[in-house]
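First the structure, in the form of structure tokens, and then the observations on it.
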Amino acid sequence: MKIRKDFNPRTATVFTTTQIAGICSVSPRMVAKWCDSGALRHYLVPGSKHRRASREQLERFLREHKMECFLPAITPLPVPEIIPEMASA
């Protein structure tokens with residue numbers, strides 16, 4: 273399964289197992305095992321067996337399992353501060 277071209281992990285709030293696998297450089301099956309073991313908290317899409325994990329749960333998982341090196345891939349970029357133009361004197 274391919275990740276959609278318009279997927280942006282920095283703005284996403286919910287991740288699929290395939291997206292998490294791409295971020296963590298593992299197989300989607302490994303992510304499913306993390307979910308099934310309870311290591312990665314997730315929910316099932318109603319009416320299917322598709323797993324989803326929130327940004328908060330993915331960040332928690334990465335920190336708890338010493339995988340912080342993958343956090344920059346999902347960390348939202350800071351919004352630049354807008355500095356009003358100085359009034360001419």
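Numbered according to this note's numbering, the sequence shown spans residues 273 to 361.
Every residue gets a Cβ at the ideal spot worked out from N, C-alpha and C, and that includes glycine.
Given the structure is predicted, the values throughout are model-derived calculations rather than measurements.
query	result
Using a Cβ-Cβ cutoff of less than 6 Å, which residues in the same chain neighbour F342 once the five nearest sequence positions on both sides are dropped?	I295, C296 and L334
Quick one: give me the first and last residue of the beta strand (DSSP E) that R324 is part of.	R323 to S326
Between the Cα of T288 and those of M339, H322 and E331, spot the shortest distance and give me the residue it belongs to.	H322
Taking the DSSP output, what are the residues bridged to F287?	A325
Run through DSSP, which three-state label would L343 get?	helix
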